[in-house]
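*Asks:* Residue numbers for the sequence shown follow the working numbering, beginning at 56 and rising by one.
Virtual Cβ for every residue (Gly too), placed ideally from N, Cα, C.
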Amino acid sequence: MSHSPIDRTAAWEELASHASEMRKRHLRELFEDPQRGQAFTRKAAGLTLDLSKQRWSGETLALLLDLAREAGVPKAIGALLSGERVNISEDRPALHTALRLPCDASLVMDGEDLVPGVHATLAKLEAMVERFHTRQWRGATGHPIHDVVNLGVGGSDLGPLMVTHALADYRPADAAHIDVHFASTMDGSQLVDYLSRFNPETTLFVISSKSFTTIDTLSNARTARDWLLTRLVRNGDGGVDEAMVMRQHFIGVSAKPEKMDEWGIAEANQLEFWEWVGGRYSLWGAIGLPIALVVGMAHFRDFLAGAHAMDRHFAEAPLADNLPALLALAGIWNVNFLDIRAHSILPYDGRLEYFAAYLEQLEMESNGKSATHDGRQVNYSTCPVLWGQLGPNAQHAFYQLLHQGTQPVVCDFIAPLRRYDDVAEPETREHLKSQHRLTLANCFAQSRLLMLGDDAINESGERPGHKRYRGNQPSTTLLLDRLTPATLGALIALYEHKVFVQATIWGINPFDQWGVELGKQIAGETGEILAKRAGGEHMDASTRALVAAVWQAEAEDASRGER
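1) How big is the Cα-Cα spacing for G526 and L344?
2) Do L287 and A195 count as a contact pair if the criterion is CB distance below 8 Å?
3) Would you kindly check if the distance between the Cβ of A511 and the Cβ of L495 is under 8 Å?
4) What is the DSSP secondary structure of E330, reduced to helix, strand or coil?
5) Suppose contacts are defined by Cβ-Cβ distances below 8 Å. Is A412 in contact with L213 by that definition?
6) Tell me whether the beta-carbon of T427 lies closer than 8 Å to the beta-carbon of I563.
7) So, at 8 Å on beta carbons, what are the nonlocal neighbours of K314 in its own chain, with the 5 sequence-adjacent residues on each side left out?
8) Any heavy atom of the ligand COA closer than 7 Å to the beta-carbon of V349?
9) Does the distance from the CB of Q462 to the CB of A397 come in under 8 Å?
10) So what does DSSP say about K130, is it helix, strand or coil?
11) Check the DSSP bridge columns for S244 and list the partner residues they point to.
12) Secondary structure at C498, three-state DSSP: helix, strand or coil?
13) Would the region 237-255 and the region 354-367 be scored as touching if the rule is three or more Cβ pairs under 8 Å?
14) For the candidate residues D404, L401, Y435, E256, whose alpha-carbon lies nearest to that of N389?
15) Taking F237 as part of the beta strand (DSSP E), name the residues at either end of that continuous run.
16) Between G361 and A153, how many whole angstroms is the CB-CB distance? I'm expecting something under 8 Å.
17) Considering only the beta carbon of each residue, do L102 and L378 sit closer than 8 Å?
18) With a 10 Å radius around its C-beta and 16 neighbouring C-beta atoms as the bar for buried, classify C498 as buried or exposed.
19) So what does DSSP say about S211, is it helix, strand or coil?
20) Among the candidates A99, D105, M77, A100, whose CA atom is the shortest distance from the CA of Q90?
21) Have a look at P312 and A608 and give me their C-alpha separation to the nearest angstrom.
22) Along the chain, where does the beta strand (DSSP E) containing K98 start, and where does it finish?
23) Report all residues from its chain with a CB closer than 7 Å to the CB of L118; omit the five preceding and five following residues, and keep chain order.
24) Return the first residue and the last residue of the beta strand (DSSP E) that P641 is part of.
25) Quick one: what's got a C-beta closer than 6 Å to G544's C-beta in the same chain, skipping five residues either side?
26) Does the Cβ-Cβ distance between H201 and H232 come in under 8 Å?
27) Which full runs of the alpha helix (DSSP H) of 4+ residues lie inside the region 339-370, going along the chain?
28) Can you name, in chain order, every residue of its own chain whose Cβ lies under 6 Å from the Cβ of I270, other than the five neighbours on each side?
29) Can you give, in chain order, each stretch of the beta strand (DSSP E) that sits fully within the region 454-485 and has at least 3 residues?
30) Tell me which residues share the same chain as R523 and place their Cβ nearer than 7 Å to its Cβ, disregarding the 5 neighbours each side in the sequence.
31) Where do the N-terminal and C-terminal ends of the alpha helix (DSSP H) with V300 fall, by residue?
32) Would you kindly work out how many angstroms separate the C-alpha atoms of E415 and A323, rounded to a whole number?
33) Relative to the C-alpha of W192, which residue among V300, F237, P171 is closest?
34) Which of helix, strand or coil does DSSP assign to M594?
35) Hey, how far is the Cα of A613 from the Cα of G591?
36) Using 8 Å as the threshold, is the C-beta distance between E408 and L445 below it?
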């Protein structure tokens with residue numbers, strides 16, 4: 056068990072004292088050292104991590120490394136990767152890293168080697184993907200499937216959505232006829248658009264839910280099932296029955312095969328993942344079916360290999376050269392010692408449009424906790440508020456606050472070094488490469504201005520107050536050699552492990568989400584009251600009034616209908 060900062064370890068106290076001095080220093084002063092950029096840059100798995108624009112010194116980093124050792128980070132890394140029960144509140148391992156182990160690896164848990172089962176699921180997934188890509192997966196009326204709609208929410212939606220968008224350039228020719236879509240909102244607004252446009256004969260739904268009880272997902276699934284049955288069975292020619300529709304138009308992905316059976320998913324169409332994989336960490340396995348459908352299994356395996364390369368780096372690199380540990384320690388320094396509690400993710404590549412949303416869940420659901428492993432309330436900040444957007448767009452939106460607002464924000468700038476080498480037409484290729492250089496110029500200029508403030512501008516004379524830039528805003532720059540399946544896998548794994556290191560130091564569990572579970576419970580109770588149009592006396596006055604407003608609207612609609 057790691058020490059909690061509640062105990063105020065020696066390293067924590069030294070950092071607190073050191074921070075009082077570092078707060079007086081501006082980043083422009085720290086950059087008087089010409090070797091600073093090199094000193095705070097590390098490389099691994101196709102990624103370059105530049106932490107030189109953090110508001111820290113070599114002494115700061117040394118003290119933070121002492122804190123990590125005192126908190127037991129090296130031992131915790133071993134515990135995570137070896138399958139110890141690091142998810143303490145649920146008494147289970149957190150073995151998403153097992154999903155990307157190569158087939159010749161071995162990881163034994165409770166007397167069972169997990170690797171064969173992982174690769175058996177990958178083989179089943181690959182067989183499914185091949186049937187789609189070769190037009191052999193046909194709907195109930197015999198037409199090849201064209202539209203695949205993933206019904207999921209949270210990790211069962213954000214991960215596949217983010218990756219399929221990021222790697223769309225890697226779609227193989229034999230996948231060109233398959234379009235993958237995502238519906239997550241329980242209000243049906245995404246689904247209704249698809250149902251109004253798609254042909255039921257060529258549409259298949261993937262129901263992705265770890266528990267197979269998630270109301271958001273199952274409400275969409277029931278609507279999709281009724282849509283298919285109405286059009287293919289009830290309005291059909293009698294040659295299609297319900298069993299055939301269920302067999303040809305639904306795939307289930309869950310840790311609960313018995314629930315998939317109850318819902319009517321054919322056993323051959325069930326993909327399993329395990330209780331030791333958290334939902335927000337699940338895209339590496341069967342939840343990644345939409346990814347494999349878009350990029351093909353060869354690229355999906357490259358994606359897993361890139362993540363595994365980062366896992367090995369995390370396990371083997373000393374803390375001072377360990378990318379996830381260093382990224383985590385920068386966050387600890389900002390949140391707990393510089394009191395910077397806002398964090399913005401700013402990719403400078405349109406393919407990473409959904410990466411910030413993915414990290415919002417990964418970080419805030421994992422580390423948005425206020426109780427330690429032993430149930431004590433923390434007396435320090437944990438996860439910052441995380442948000443972001445594509446950097447080139449954000450420059451015309453909230454960068455004003457970053458540069459001249461009163462709220463300190465730490466930023467992660469993310470960009471690929473190389474792009475458009477594969478464009479065949481030379482003139483178009485050069486135009487696009489020029490646009491990429493312009494994008495990189497903006498990325499680097501923004502972090503420089505955030506760091507230096509007015510000193511980044513070569514102008515004589517005094518600047519008026521409304522044109523002053525204070526600078527001293529810390530940032531990290533992450534460069535990918537290229538955005539490929541492998542480097543994207545490494546990038547995601549980097550942030551996963553960063554979250555774990557921070558949780559270890561904070562003494563919290565990053566693998567449960569009891570706040571989410573409580574919200575589901577209360578929502579279910581409220582939904583019953585709305586449906587029954589009775590009860591709710593125990594609720595607060597505001598909620599009772601809101602419920603009454605719904606009942607009144609329904610009564611008015613019913614009255615108009617009767618007339």
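*Replies:* This is what the structure holds:
1) Taking the straight line joining both Cα atoms gives about 44 Å.
2) For the pair A195 and L287, the CB atoms are nearer than the 8 Å cut-off.
3) No; because the gap between Cβ atoms is not below 8 Å, this pair is not in contact.
4) Three-state DSSP puts E330 in coil, outside helix and strand.
5) Yes. Within cutoff.
6) The Cβ atoms of T427 and I563 lie closer than 8 Å to each other.
7) Result list for K314: S266, F267, T268, in chain order.
8) In the structure on display, the ligand COA does not appear, and there are no ligands present to speak of.
9) Yes.
10) Of the three classes helix, strand and coil, the one that applies to K130 here is helix, per DSSP.
11) DSSP links S244 through a beta bridge to no other residue.
12) Here C498 sits in helix by DSSP.
13) Inter-segment contact for the region 237-255 and the region 354-367 is absent: fewer than three beta-carbon pairs are separated by less than 8 Å.
14) For the residues D404, L401, Y435, E256, the minimum Cα distance to N389 belongs to Y435.
15) Here the beta strand (DSSP E) through F237 covers 234-238.
16) Between G361 and A153 a beta carbon distance of about 16 Å is seen, past the 8 Å cut, so the two are scored as non-contacting.
17) It is a contact, given that the beta carbons lie within the stated cut-off.
18) Of the residues assessed, C498 falls on the buried side of the cut-off, its CB having 16 or more other CB atoms within 10 angstroms.
19) Helix, per DSSP.
20) The residue with the shortest Cα to Cα distance from Q90 is D105.
21) As the crow flies, the alpha-carbon of P312 is around 40 Å from that of A608.
22) Looking at the DSSP string, the run of the beta strand (DSSP E) that includes K98 is 96-99.
23) Sequence-distant Cβ neighbours of L118 in its own chain, meaning closer than 7 Å and more than five residues away, are A66, E69, L70, H73.
24) Because the chain here runs from 56 to 618, residue 641 falls outside it and cannot be looked at.
25) Non-local C-beta neighbours of G544 in its own chain, meaning closer than 6 Å and more than five positions away in sequence, comprise F358, G361, A362, ordered along the chain.
26) Contact flag set, yes.
27) Taking 4 residues as the minimum length, the alpha helix (DSSP H) runs contained wholly in the region 339-370 are 344-350, in order along the chain.
28) Same-chain partners within the cutoff: there are none.
29) Runs found: 465-471.
30) Correct list, in chain order: D509.
31) Start and end: 297-304.
32) Distance between the alpha carbons of E415 and A323: 35 Å.
33) The shortest C-alpha separation from W192 is found at V300.
34) Assignment of M594 by DSSP, reduced to helix, strand and coil, places it in the coil class.
35) Each residue's Cα considered, the two are about 22 Å apart.
36) Yes, the pair counts as a contact, with Cβ atoms nearer than the cut-off.
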